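Asker: Take a look at the following structure, please.
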Amino acid sequence: MYARRRRVYFLMMGGCLLLFVSAWSFVRLWSVQAAVALCVVAMVIPPFAAITANRRGPEDRWWDDPSGDPKSDEWWDELDGKRPPGDQPGSHSGNDADP
Numbered sequence: 001m002y003a004r005r006r007r008v009y010f011l012m013m014g015g016c017l018l019l020f021v022s023a024w025s026f027v028r029l030w031s032v033q034a035a036v037a038l039c040v041v042a043m044v045i046p047p048f049a050a051i052t053a054n055r056r057g058p059e060d061r062w063w064d065d066p067s068g069d070p071k072s073d074e075w076w077d078e079l080d081g082k083r084p085p086g087d088q089p090g091s092h093s094g095n096d097a098d099p
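Residues in the sequence shown are numbered consecutively from 1, following our numbering.
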């Protein structure tokens with residue numbers, strides 16, 4: 001779900017910001033090496049936050065999106081069992097009693 005991914009992204013980026021600010025505000029007063037270590041950890045967080053925010057969850061139905069190519073969409077619909085083989089969208093099955 002989009003809201004959950006967005007919340008996780010903002011939590012991760014908030015943690016990143018907290019690490020940077022705390023490293024150079026007060027951690028450096030005790031240990032510069034610890035402040036640098038905090039910054040290194042904070043540098044690694046943004047790529048993982050972006051990956052987490054952009055991944056699709058199991059509830060996201062991306063495979064149902066039409067591709068825009070009618071022939072390809074027809075083929076996938078046939079494979080997924082949404083339409084019988086050879087049945088064109090908008091056409092009837094031929095079982096009508098036409099004279």
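Note that CB positions come from ideal geometry on N, CA and C, so glycine has one too.
Because the structure is a prediction, the values reported are computed rather than measured.
1) List the endpoints of the continuous alpha helix (DSSP H) containing residue 72.
2) Starting from residue 31, trace the alpha helix (DSSP H) both ways and give me its first and last residue.
3) Assuming residue 35 and residue 13 form a contact by the criterion Cβ under 8 angstroms, report the distance between their Cβ atoms to the nearest whole angstrom.
4) Within this structure, are the beta carbons of residue 42 and residue 5 separated by less than 8 angstroms?
5) Would you identify the three-state DSSP class for residue 4, choosing helix, strand or coil?
6) Check each candidate in 73, 76, 56 and name the one with the smallest Cα separation from residue 3.
7) If the criterion is Cβ atoms closer than 8 angstroms, does the pair residue 45 and residue 15 meet it?
8) Between 40, 11, 10, 9, which lies nearest to residue 24 when the distance is taken from Cα to Cα?
Answerer: With the structure as the only source:
1) First-last of the alpha helix (DSSP H) with residue 72: 70–80.
2) In the DSSP assignment, residue 31 falls outside any alpha helix (DSSP H), carrying neither H nor E.
3) About 20 angstroms separates the beta carbons of residue 35 and residue 13, which is beyond the 8 angstroms limit, so they are not a contact pair.
4) The answer is no: Cβ separation not under 8 angstroms.
5) Residue state, collapsed to three classes: helix.
6) For the residues 73, 76, 56, the minimum Cα distance to residue 3 belongs to 56.
7) Contact: yes.
8) Relative to the Cα of residue 24, the nearest Cα in the group 40, 11, 10, 9 belongs to 40.
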